[in-house]
Every structure is written in structure tokens, then in C-alpha cells.
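Chemist: Residue numbers (the working numbering): 84 to 255.
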Amino acid sequence: MKSCGSLASPVTAPRRLPLRPSRRRHSATSKRPASQPAPAFGYLEAPAGGVIVNPGNSILKDLSATRQGFIPAFDRSACVDCGLCDLACPDFCLVWGEEEAADGRLFIRLRGIDYQYCKGCLKCIDVCPTTALTLLREEEGYAEAHSVPLFPFLHEERSPLAARRNGTKGEA
Ligand code: SF4
Ligand code: SF4
84 MKSCGSLASP
94 VTAPRRLPLR
104 PSRRRHSATS
114 KRPASQPAPA
124 FGYLEAPAGG
134 VIVNPGNSIL
144 KDLSATRQGF
154 IPAFDRSACV
164 DCGLCDLACP
174 DFCLVWGEEE
184 AADGRLFIRL
194 RGIDYQYCKG
204 CLKCIDVCPT
214 TALTLLREEE
224 GYAEAHSVPL
234 FPFLHEERSP
244 LAARRNGTKG
254 EA
């Protein structure tokens, strides 16, 4: 039998990778003193855990994207202020205000709809006993032109609907 010793590749020693420098720990006997940054908070200054200091707020939300082409149109002259639409509405769309009757008594009157929060479910139309709320195919600009702001203090500055009407950016 032939020896295959001459055909065998020469055995080479495995290449030794350079050793990583080991991390040396400073021992108590090390010359360099161990230093540790002071904590940002002590037990006296640390903020209380689990406290939401800046809670979110849905009054900036614009739900108009949920509408599917239809919107309730409000006719003030046909409304009897029964409040059924407000009971049916899943959002806070119907805007009411206090007004004074001819005899001096105060009463609550439906002023309109804040279309920023109207998702177009059309439940208010179903329950309205008069023709005050009717189905309307939504056209561009209708909501902006007919919306009654639920939060007037918010509308001109931050509301997305007012921003669209004014051509500014808005926040939501
Ligand atoms: S369509 Fe729906 S969300 Fe819009 S005002 Fe009527 S009940 Fe409210
Ligand atoms: S349900 Fe119709 S009539 Fe009653 S308050 Fe609403 S819009 Fe007016």
C-alpha cells in the first residue's frame, strides 16, 4: 500500500488571533481610585413614579377621516331641541348653548354640529323626530363652512378643522 504521506497537505498551526485586552477591574489596591458619577436624582428630588404630568386629550383629534361620504346636515328652523340626537351620538358633536326666551326664561338650544368630531355614523339622523337632521352627501368644504365649534377657545388656534379652513397647519 502506498503511503500518502507525501500527498497530505502540510499541517499548519492554527492562526492565533490577537488576544483582546482584558478588562481590568480596579481593585481596592488599584492606584487609580474608582469614580462613579453622582446620580441625577436623589430620593428627595426624584419625580413621583406613575404620574402622568401631561395627559393626552382627544379634543385635538380630527375624526372626519372616518366619514364615508355622508354627513348630517342641520336645519335649525326644524329643530325642537329634544336632545335625542345628543343621546345617540357616540361622540361629542352636538353643540348646545344657553339662550334666553322672550319671557326671560333660559333654555338650552342646539346650535349645531362640530364636524371635527363627527365620524359620520348617521345615528343622529335616525333618531331625529323632525327633519332637522338630514343626510347629505359631503362636499369639500361643507364641514369647514358649517361646523359650530364645541371648544371655541381651541378652534382658531389649534383645531385641525379650523386649520384646514384657514390654510394653516394645526396641531392634531
Ligand atoms: S353622524 Fe354620528 S358622529 Fe356625526 S353627529 Fe351624527 S351621531 Fe354624531
Ligand atoms: S333630535 Fe332633531 S329635533 Fe331633536 S334636538 Fe336633535 S336635531 Fe333637534
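C-beta atoms are modelled at their ideal positions from N, C-alpha and C, and glycine is treated no differently.
1. On the premise that Arg192 lies in contact with Trp179, defined as a C-beta separation below 8 angstroms, what is that separation, rounded to the nearest angstrom?
2. Which runs of the beta strand (DSSP E) at least 3 residues long sit entirely within the region 133 to 218? Give them in chain order.
3. Within a Cβ cutoff of 8 angstroms, which residues of the same chain sit near Phe153, ignoring the five residues on either side of it in sequence?
4. Report yes if the C-beta of Asp174 is less than 6 angstroms from at least one heavy atom of ligand 1; otherwise report no.
5. Pro155 and Asp197 - do their beta-carbons sit closer together than 7 angstroms?
6. On the three-pair Cβ rule with 8 angstroms, is the region 169 to 187 touching the region 114 to 121?
7. Could you name the residues of the same chain whose beta carbon sits closer than 7 angstroms to that of Phe190, not counting the 5 residues immediately before and after it, in chain order?
8. Just checking my contact of Ala215 with Phe157 at CB under 8 angstroms: how many whole Å lie between their CB atoms?
9. Is DSSP giving Ser86 helix, strand or coil here?
10. What residue range does the alpha helix (DSSP H) around Tyr225 cover?
11. Just to confirm, does Cys204 get its C-beta within under 6 angstroms of one of the non-hydrogen atoms of ligand 2?
12. For Val210, which residues of its own chain have a beta-carbon under 8 angstroms away from its beta-carbon, when the five flanking residues on both sides are left out?
13. What does DSSP give as the partner residues of Arg115 in its beta bridges?
14. Rounded to the nearest angstrom, what separates Glu128 and Asn140 at their Cα positions?
Modeler: The structure says:
1. Along the sequence shown, read from residue 1 onward, the residue named residue 179 stands at position 96. Along the sequence shown, read from residue 1 onward, the residue named residue 192 stands at position 109. At roughly 7 angstroms, the Cβ-Cβ gap stays under 8 angstroms, so Trp179 and Arg192 are in contact.
2. Whole beta strand (DSSP E) segments, 3+ residues: 153 to 157, 177 to 183 and 189 to 196.
3. Counting from 1 along the sequence shown, the entry for residue 153 is found at position 70. So the qualifying residues of the chain are Gly203, Leu205, Leu218, Leu219, Arg220 and Glu221.
4. Here residue 174 refers to the residue found at position 91 of the sequence shown. Asp174: yes, Cβ under 6 angstroms from ligand 1.
5. As a working note, residue 197 is residue 114 in the sequence shown. As a working note, residue 155 is residue 72 in the sequence shown. One thing to note: Asp197 has its Cβ no nearer than 7 angstroms to the Cβ of Pro155.
6. Contact fails between the region 169 to 187 and the region 114 to 121, because fewer than three Cβ pairs, one in each stretch, are under 8 angstroms apart.
7. As a position in the sequence shown, residue 190 is number 107, starting the count at 1. Beyond the five residues adjoining it in sequence on each side, Phe190 comes within less than 7 angstroms, by CB distance, of Glu182 and Ala184 in the same chain, given in chain order.
8. Here residue 215 refers to the residue found at position 132 when the sequence shown is read from its first residue. Here residue 157 refers to the residue found at position 74 when the sequence shown is read from its first residue. The pair is a contact, with the Cβ atoms about 6 angstroms apart (cut-off 8 angstroms).
9. By 1-based counting over the sequence shown, the position of residue 86 is 3. At Ser86 the pLDDT is 44, less than 50, meaning the model places this residue with poor confidence and gives no usable figure here.
10. In the sequence shown, counting from the first residue as 1, residue 225 sits at position 142. For Tyr225, the enclosing alpha helix (DSSP H) has its first and last residue at Tyr225 to His229.
11. Within the sequence shown, residue 204 is the residue found at index 121, counting from 1. No, the beta carbon of Cys204 sits no closer than 6 angstroms to any heavy atom of ligand 2.
12. Locating residue 210 in the sequence shown gives position 127, where the first residue counts as 1. Taken in chain order, the residues that qualify are Leu167, Cys168, Leu170 and Ala171.
13. Counted from its first residue, the sequence shown places residue 115 at position 32. Beta-bridge pairing links Arg115 to no other residue.
14. Counting from one through the sequence shown, the residue named residue 128 turns up at place 45. Counting from one through the sequence shown, the residue named residue 140 turns up at place 57. Their Cα atoms are separated by approximately 28 angstroms.
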